[in-house]
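Step one of this worksheet: look at the structure below.
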(Lines of atoms letter the chains of each structure in order from A and count residues from 1; the text may use other names and numbers.)
(Lines give C-alpha, C1' and ligand atoms only; values in the text may rest on other atoms or scores of the structure.)
Protein backbone atom coordinates (compact mmCIF):
# COMPACT_ATOMS: atom_id res chain seq x y z
CA UNK A 1 0.00 0.00 0.00
CA UNK A 2 2.88 2.39 0.74
CA UNK A 3 6.12 3.02 -1.10
CA UNK A 4 8.12 2.77 2.15
CA UNK A 5 6.25 -0.23 3.56
CA UNK A 6 8.24 -2.84 5.51
CA UNK A 7 8.41 -6.42 4.25
CA UNK A 8 6.45 -8.28 6.94
CA UNK A 9 5.42 -11.94 7.10
CA UNK A 10 4.75 -14.66 9.65
CA UNK A 11 8.34 -15.95 9.47
CA UNK A 12 9.62 -12.54 10.52
CA UNK A 13 7.16 -12.42 13.40
CA UNK A 14 8.18 -15.92 14.54
CA UNK A 15 11.84 -14.84 14.62
CA UNK A 16 11.00 -11.68 16.56
CA UNK A 17 9.07 -13.71 19.11
CA UNK A 18 11.83 -16.28 19.53
CA UNK A 19 14.36 -13.56 20.16
CA UNK A 20 12.31 -11.38 22.52
CA UNK A 21 9.28 -13.29 23.82
CA UNK A 22 10.14 -17.00 23.69
CA UNK A 23 7.13 -17.84 25.88
CA UNK A 24 4.92 -17.06 22.86
CA UNK A 25 7.20 -18.24 20.07
CA UNK A 26 5.46 -21.57 19.48
CA UNK A 27 1.89 -20.26 19.50
CA UNK A 28 -0.13 -20.39 16.24
CA UNK A 29 0.23 -17.27 14.07
CA UNK A 30 -2.52 -16.07 11.72
CA UNK A 31 -2.37 -12.93 9.57
CA UNK A 32 -5.69 -11.13 9.96
CA UNK A 33 -7.48 -9.75 6.93
CA UNK A 34 -7.98 -6.07 7.59
CA UNK A 35 -8.79 -2.78 5.96
CA UNK A 36 -6.14 -1.17 8.12
CA UNK A 37 -3.38 0.86 6.51
CA UNK A 38 -0.97 1.39 9.42
CA UNK A 39 -0.16 -2.06 10.83
CA UNK A 40 0.14 -5.68 9.83
CA UNK A 41 -1.97 -7.49 12.42
CA UNK A 42 -1.55 -11.11 13.46
CA UNK A 43 -3.50 -13.26 15.85
CA UNK A 44 -1.14 -15.01 18.25
CA UNK A 45 -2.65 -18.06 19.91
CA UNK A 46 -6.12 -17.61 21.38
CA UNK A 47 -5.60 -14.55 23.56
CA UNK A 48 -3.12 -12.21 21.87
CA UNK A 49 -2.58 -10.11 18.75
CA UNK A 50 0.61 -8.58 17.37
CA UNK A 51 0.73 -5.26 15.54
CA UNK A 52 3.76 -4.58 13.36
CA UNK A 53 3.81 -1.02 11.96
CA UNK A 54 4.07 -0.94 8.18
CA UNK A 55 5.88 2.42 8.08
CA UNK A 56 7.85 4.71 10.35
CA UNK A 57 4.78 6.94 10.76
CA UNK A 58 2.85 4.02 12.22
CA UNK A 59 5.72 3.19 14.55
CA UNK A 60 5.68 6.69 16.03
CA UNK A 61 2.17 6.11 17.40
CA UNK A 62 3.20 3.20 19.61
CA UNK A 63 4.57 5.29 22.48
CA UNK A 64 1.50 7.54 22.84
CA UNK A 65 -0.81 4.52 22.65
CA UNK A 66 1.08 2.74 25.42
CA UNK A 67 0.79 5.86 27.56
CA UNK A 68 -2.86 6.73 27.02
CA UNK A 69 -4.71 3.44 26.48
CA UNK A 70 -4.67 2.34 30.15
CA UNK A 71 -5.77 5.81 31.25
CA UNK A 72 -8.63 6.00 28.76
CA UNK A 73 -9.98 2.48 29.28
CA UNK A 74 -11.84 3.10 32.61
CA UNK A 75 -13.71 6.06 31.10
CA UNK A 76 -15.04 4.29 28.00
CA UNK A 77 -18.13 2.08 27.60
CA UNK A 78 -16.51 -0.56 25.36
CA UNK A 79 -13.28 -2.56 25.35
CA UNK A 80 -10.19 -0.90 23.92
CA UNK A 81 -6.76 -2.45 23.30
CA UNK A 82 -4.54 -3.49 26.19
CA UNK A 83 -0.81 -3.49 25.49
CA UNK A 84 0.75 -6.65 26.94
CA UNK A 85 4.30 -6.08 25.71
CA UNK A 86 6.34 -4.01 23.29
CA UNK A 87 9.10 -5.40 21.10
CA UNK A 88 12.28 -3.83 19.82
CA UNK A 89 13.66 -3.57 16.26
CA UNK A 90 15.38 -6.82 15.28
CA UNK A 91 15.75 -9.40 12.51
CA UNK A 92 15.89 -6.66 9.89
CA UNK A 93 12.62 -5.12 11.09
CA UNK A 94 13.39 -1.45 11.88
CA UNK A 95 10.74 -0.34 14.40
CA UNK A 96 9.16 -1.06 17.75
CA UNK A 97 6.07 -3.29 17.73
CA UNK A 98 3.36 -4.32 20.17
CA UNK A 99 1.55 -7.34 21.57
CA UNK A 100 -2.08 -6.73 22.59
CA UNK A 101 -4.80 -8.75 24.26
CA UNK A 102 -7.24 -10.29 21.78
CA UNK A 103 -10.67 -8.63 21.67
CA UNK A 104 -13.61 -10.68 20.40
CA UNK A 105 -15.93 -9.20 17.80
CA UNK A 106 -16.56 -8.71 14.12
CA UNK A 107 -15.82 -5.68 11.96
CA UNK A 108 -19.01 -4.00 10.69
CA UNK A 109 -19.41 -3.44 6.96
CA UNK A 110 -21.25 -0.52 5.43
CA UNK A 111 -24.57 -1.59 3.93
CA UNK A 112 -24.66 -4.86 5.89
CA UNK A 113 -25.72 -3.79 9.37
CA UNK A 114 -28.44 -5.92 10.96
CA UNK A 115 -29.33 -3.35 13.66
CA UNK A 116 -27.99 0.03 12.54
CA UNK A 117 -30.27 1.87 14.95
CA UNK A 118 -28.70 0.14 17.94
CA UNK A 119 -25.20 0.64 16.58
CA UNK A 120 -25.94 4.34 16.11
CA UNK A 121 -26.78 4.67 19.80
CA UNK A 122 -23.72 2.68 20.83
CA UNK A 123 -21.44 4.83 18.69
CA UNK A 124 -22.98 7.98 20.13
CA UNK A 125 -22.34 6.66 23.64
CA UNK A 126 -18.68 6.02 22.82
CA UNK A 127 -18.16 9.40 21.13
CA UNK A 128 -19.84 11.22 24.00
CA UNK A 129 -17.76 9.33 26.56
CA UNK A 130 -14.58 10.31 24.69
CA UNK A 131 -15.61 13.97 24.78
CA UNK A 132 -16.12 13.75 28.56
CA UNK A 133 -12.71 12.23 29.35
CA UNK A 134 -11.06 14.48 31.92
CA UNK A 135 -7.41 13.56 31.46
CA UNK A 136 -4.98 16.48 31.32
CA UNK A 137 -1.98 16.78 29.05
CA UNK A 138 -3.40 14.98 26.03
CA UNK A 139 -1.62 15.32 22.68
CA UNK A 140 -3.16 17.20 19.80
CA UNK A 141 -5.44 14.82 17.95
CA UNK A 142 -4.47 13.96 14.39
CA UNK A 143 -7.77 15.30 13.03
CA UNK A 144 -8.55 17.65 15.89
CA UNK A 145 -7.33 20.76 14.06
CA UNK A 146 -9.51 23.11 12.00
CA UNK A 147 -10.89 21.61 8.80
CA UNK A 148 -9.04 24.08 6.60
CA UNK A 149 -5.72 22.46 7.55
CA UNK A 150 -6.52 19.71 5.04
CA UNK A 151 -8.04 21.97 2.39
CA UNK A 152 -5.12 21.67 -0.06
CA UNK A 153 -4.93 17.88 0.25
CA UNK A 154 -8.68 17.50 -0.14
CA UNK A 155 -8.89 19.66 -3.26
CA UNK A 156 -5.91 17.88 -4.79
CA UNK A 157 -7.55 14.50 -4.18
CA UNK A 158 -10.83 15.69 -5.72
CA UNK A 159 -8.94 16.77 -8.84
CA UNK A 160 -7.08 13.45 -8.93
CA UNK A 161 -10.40 11.61 -8.88
CA UNK A 162 -11.79 13.86 -11.60
CA UNK A 163 -9.24 12.32 -13.96
CA UNK A 164 -9.88 8.66 -13.12
CA UNK A 165 -12.55 6.26 -14.33
CA UNK A 166 -14.34 6.44 -10.97
CA UNK A 167 -18.03 7.42 -11.19
CA UNK A 168 -17.37 10.64 -9.31
CA UNK A 169 -18.88 14.13 -9.45
CA UNK A 170 -15.90 16.36 -8.70
CA UNK A 171 -17.95 19.57 -8.85
CA UNK A 172 -20.49 18.25 -6.34
CA UNK A 173 -17.69 17.08 -4.06
CA UNK A 174 -16.05 20.50 -4.23
CA UNK A 175 -19.34 22.20 -3.38
CA UNK A 176 -19.91 19.89 -0.41
CA UNK A 177 -16.35 20.49 0.78
CA UNK A 178 -16.72 24.26 0.55
CA UNK A 179 -19.99 24.08 2.48
CA UNK A 180 -18.19 22.25 5.27
CA UNK A 181 -15.32 24.75 5.26
CA UNK A 182 -17.83 27.56 5.69
CA UNK A 183 -19.10 26.14 9.00
CA UNK A 184 -17.91 28.07 12.08
CA UNK A 185 -14.78 26.61 13.67
CA UNK A 186 -14.73 24.92 17.07
CA UNK A 187 -14.18 27.59 19.72
CA UNK A 188 -14.77 25.69 22.96
CA UNK A 189 -12.32 23.71 25.08
CA UNK A 190 -10.62 20.91 23.09
CA UNK A 191 -12.17 17.48 23.71
CA UNK A 192 -10.68 14.01 23.70
CA UNK A 193 -11.35 12.27 20.37
CA UNK A 194 -10.45 8.94 18.81
CA UNK A 195 -10.11 10.65 15.40
CA UNK A 196 -10.20 7.53 13.22
CA UNK A 197 -13.59 5.83 13.67
CA UNK A 198 -13.43 3.88 10.43
CA UNK A 199 -15.47 0.64 10.31
CA UNK A 200 -12.24 -1.39 10.39
CA UNK A 201 -11.50 0.11 13.83
CA UNK A 202 -14.83 -1.01 15.31
CA UNK A 203 -15.88 -4.39 16.70
CA UNK A 204 -19.46 -5.57 17.10
CA UNK A 205 -20.94 -8.61 18.85
CA UNK A 206 -24.63 -9.51 18.37
CA UNK A 207 -25.14 -6.15 16.63
CA UNK A 208 -23.76 -4.14 19.56
CA UNK A 209 -20.56 -2.09 19.61
CA UNK A 210 -18.21 -3.96 21.95
CA UNK A 211 -14.75 -2.73 21.00
CA UNK A 212 -12.87 0.16 19.42
CA UNK A 213 -9.36 -0.37 18.05
CA UNK A 214 -6.34 1.63 16.87
CA UNK A 215 -5.87 4.71 19.03
CA UNK A 216 -2.89 5.96 17.03
CA UNK A 217 -4.69 9.24 16.29
CA UNK A 218 -6.15 9.82 19.77
CA UNK A 219 -5.82 13.21 21.43
CA UNK A 220 -7.64 16.46 22.07
CA UNK A 221 -9.19 18.88 19.60
CA UNK A 222 -12.38 19.58 17.68
CA UNK A 223 -14.88 16.75 18.34
CA UNK A 224 -16.23 16.96 14.78
CA UNK A 225 -13.81 14.30 13.53
CA UNK A 226 -15.50 11.62 15.65
CA UNK A 227 -18.77 12.08 13.75
CA UNK A 228 -17.48 10.33 10.61
CA UNK A 229 -19.39 7.04 11.23
CA UNK A 230 -22.55 8.96 10.37
CA UNK A 231 -21.47 8.77 6.72
CA UNK A 232 -18.88 5.99 6.48
CA UNK A 233 -21.07 3.36 8.16
CA UNK A 234 -24.60 4.32 9.20
CA UNK A 235 -27.56 4.43 6.77
CA UNK A 236 -29.71 7.58 6.71
CA UNK A 237 -32.28 6.62 9.36
CA UNK A 238 -29.56 5.50 11.78
CA UNK A 239 -27.60 8.64 10.95
CA UNK A 240 -30.51 10.66 12.34
CA UNK A 241 -30.48 8.57 15.53
CA UNK A 242 -26.73 9.11 15.88
CA UNK A 243 -27.14 12.84 15.30
CA UNK A 244 -29.77 13.19 18.00
CA UNK A 245 -27.91 11.02 20.51
CA UNK A 246 -24.47 12.54 20.04
CA UNK A 247 -25.70 16.07 20.88
CA UNK A 248 -23.67 18.45 18.73
CA UNK A 249 -24.54 21.75 17.11
CA UNK A 250 -25.12 22.17 13.37
CA UNK A 251 -21.66 23.62 12.74
CA UNK A 252 -19.93 20.64 14.37
CA UNK A 253 -22.12 18.24 12.41
CA UNK A 254 -21.21 20.01 9.17
CA UNK A 255 -17.49 19.90 10.01
CA UNK A 256 -17.88 16.20 10.75
CA UNK A 257 -19.35 15.67 7.31
CA UNK A 258 -16.40 17.60 5.92
CA UNK A 259 -13.94 15.29 7.70
CA UNK A 260 -15.75 12.22 6.35
CA UNK A 261 -15.62 13.63 2.82
CA UNK A 262 -11.98 14.69 3.07
CA UNK A 263 -10.88 11.30 4.36
CA UNK A 264 -12.80 9.46 1.65
CA UNK A 265 -11.60 11.51 -1.31
CA UNK A 266 -7.99 11.28 -0.09
CA UNK A 267 -8.24 7.53 0.55
CA UNK A 268 -9.85 6.58 -2.75
CA UNK A 269 -7.14 7.61 -5.24
CA UNK A 270 -4.40 6.40 -2.89
CA UNK A 271 -5.86 2.95 -2.09
CA UNK A 272 -8.13 2.26 -5.06
CA UNK A 273 -5.90 -0.55 -6.39
CA UNK A 274 -4.19 -1.70 -3.16
CA UNK A 275 -6.82 -1.82 -0.41
CA UNK A 276 -10.29 -2.95 -1.56
CA UNK A 277 -11.83 -2.56 1.91
CA UNK A 278 -10.77 1.07 2.32
CA UNK A 279 -11.55 2.02 -1.27
CA UNK A 280 -15.03 0.46 -1.11
CA UNK A 281 -15.74 2.37 2.08
CA UNK A 282 -14.46 5.59 0.52
CA UNK A 283 -16.83 5.18 -2.43
CA UNK A 284 -19.71 4.47 -0.03
CA UNK A 285 -18.91 7.55 2.07
CA UNK A 286 -18.69 9.86 -0.93
CA UNK A 287 -22.00 8.55 -2.26
CA UNK A 288 -23.70 9.02 1.11
CA UNK A 289 -22.50 12.60 1.39
CA UNK A 290 -23.28 13.63 -2.18
CA UNK A 291 -26.66 11.93 -2.56
CA UNK A 292 -28.28 11.86 0.90
CA UNK A 293 -31.12 14.29 1.46
CA UNK A 294 -31.11 13.93 5.24
CA UNK A 295 -28.82 15.74 7.66
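In this note's numbering, the protein residues as written are 19 to 313.
The beta carbon of each residue, even a glycine, is placed where N, CA and C say it ideally should be.
What did DSSP end up calling residue i once you bin it into helix, strand or coil?
i           : result
residue 205 : coil
residue 196 : helix
residue 169 : helix
residue 226 : strand
residue 116 : strand
residue 312 : Summary for residue 312: the model assigns pLDDT 41, below 50, so the residue's position carries little reliability, and this model does not support an answer.
residue 139 : helix
residue 31  : helix
residue 297 : helix
residue 52  : coil
residue 146 : helix
residue 236 : coil
residue 71  : strand
residue 63  : coil
residue 151 : coil
residue 289 : helix
residue 231 : coil
What is the rounded straight-line gap between the Cα of residue i and the Cα of residue j?
i           : j           : result
residue 237 : residue 211 : 6 Å
residue 143 : residue 73  : 33 Å
residue 244 : residue 300 : 16 Å
residue 292 : residue 48  : 21 Å
residue 39  : residue 94  : 30 Å
residue 153 : residue 206 : 17 Å
residue 288 : residue 304 : 15 Å
residue 308 : residue 190 : 7 Å
residue 296 : residue 130 : 16 Å
residue 23  : residue 178 : 23 Å
residue 255 : residue 25  : 43 Å
residue 134 : residue 253 : 7 Å
residue 262 : residue 181 : 38 Å
residue 51  : residue 82  : 25 Å
residue 267 : residue 306 : 20 Å
residue 260 : residue 140 : 9 Å
residue 63  : residue 219 : 21 Å
residue 176 : residue 216 : 20 Å
residue 173 : residue 91  : 37 Å
residue 156 : residue 89  : 11 Å
residue 208 : residue 145 : 14 Å
residue 163 : residue 235 : 12 Å
residue 195 : residue 32  : 46 Å
Once the 5 residues before and after residue i are set aside, which same chain residues still bring their CB inside 6 Å of it?
i           : result
residue 204 : 240
residue 274 : 242, 245
residue 290 : 297
Using a Cβ-Cβ cut-off of 7 Å (strictly less than) and excluding sequence neighbours within five positions of residue i, which residues of its own chain qualify?
i           : result
residue 199 : 165, 166, 169, 276
residue 113 : 71, 74, 77, 107
residue 312 : Note that residue 312 scores a pLDDT of 41, beneath 50, so its modelled location is shaky and nothing firm can be said.
residue 35  : 42, 43
If you measure between the beta carbons of residue i and residue j, is that distance less than 8 Å?
i           : j           : result
residue 117 : residue 66  : yes
residue 42  : residue 71  : no
residue 109 : residue 45  : no
residue 269 : residue 202 : yes
For residue i, I'd like the list of residues in its chain whose CB is within less than 8 Å of its CB, leaving aside the five on either flank, ordered along the chain.
i           : result
residue 124 : 221, 222, 223
Verify the contact flag: residue i, CB atom, against every heavy atom of the ligand MN, threshold strictly below 7 Å.
i           : result
residue 131 : The model on display carries no ligand, and the ligand MN is accordingly not part of it.
At least 3 beta-carbon pairs within less than 8 Å: the stretch 278–291 vs the stretch 244–255: The stretch 278–291 is in contact with the stretch 244–255.
Segment contact, 8 Å Cβ cut-off, at least three pairs: the stretch 134–150 with the stretch 97–108: No: fewer than three Cβ pairs fall under 8 Å.
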